[in-house]
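Going by our numbering, the first residue of the sequence shown is number 41, and it counts up by one from there. Even glycine gets a Cβ: it sits at the ideal position worked out from N, Cα and C. Keep in mind the model is a prediction, meaning the values are calculated, not measured. Structure, as structure tokens:
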Amino acid sequence: MVKSSYAFKNISEVAGELNIHQHVLRFWETRFTSIKPIKRGGGRRYYRPEDVENLRHIQSLLYDDGYTIKGVQKLLRERGKSTMQKATSVPRGKKSEFNNKTLMKLQSLLSELEEIRSYFKY
Numbered sequence: 041m042v043k044s045s046y047a048f049k050n051i052s053e054v055a056g057e058l059n060i061h062q063h064v065l066r067f068w069e070t071r072f073t074s075i076k077p078i079k080r081g082g083g084r085r086y087y088r089p090e091d092v093e094n095l096r097h098i099q100s101l102l103y104d105d106g107y108t109i110k111g112v113q114k115l116l117r118e119r120g121k122s123t124m125q126k127a128t129s130v131p132r133g134k135k136s137e138f139n140n141k142t143l144m145k146l147q148s149l150l151s152e153l154e155e156i157r158s159y160f161k162y
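Pasting the structure below:
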């Protein structure tokens, strides 16, 4: 049985989807306030779809674009959590290869997120 894309995911599912270790996810929770999984009995974490998208974006900034943890924190503070996915331009002074493929990927993710967001508006 395949889970809906809107279903909550546990830490092992998210770690597998992002191809990172579970301890990395736990560490990122301590560093990025936008990542707040729901904790149920026994402290088990359940990630909402928006948490997974935020994690994916943070992962991209860290691993693909070469930001440091502090750099991503600063970027999120400057742009705000609500506009995190709209960060499609490289900050001044940042040396990075920001090619069309990356831009198209971010725009596609933004479109998906906006579509998901529309489901939650009344």
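In terms of alpha-carbon separation, which member of the options lies closest to residue i?
i: residue 117; options: 72, 108, 145, 53; result: 72
i: residue 83; options: 66, 98, 97, 112; result: 66
i: residue 148; options: 69, 109, 97, 111; result: 97
i: residue 110; options: 68, 142, 59, 151; result: 68
i: residue 142; options: 80, 119, 158, 105; result: 105
Sort out for me which residues DSSP pairs residue i with in a bridge.
i: residue 87; result: 49
i: residue 79; result: 85
For residue i, report the span of its alpha helix (DSSP H) as first-last.
i: residue 63; result: 62–71
i: residue 114; result: 109–119
Look at the Cβ atom of residue i, then the Cβ atom of residue j, and state whether they are nearer than 8 Å.
i: residue 107; j: residue 115; result: yes
i: residue 153; j: residue 57; result: no
i: residue 62; j: residue 51; result: yes
i: residue 156; j: residue 77; result: no
i: residue 49; j: residue 103; result: no
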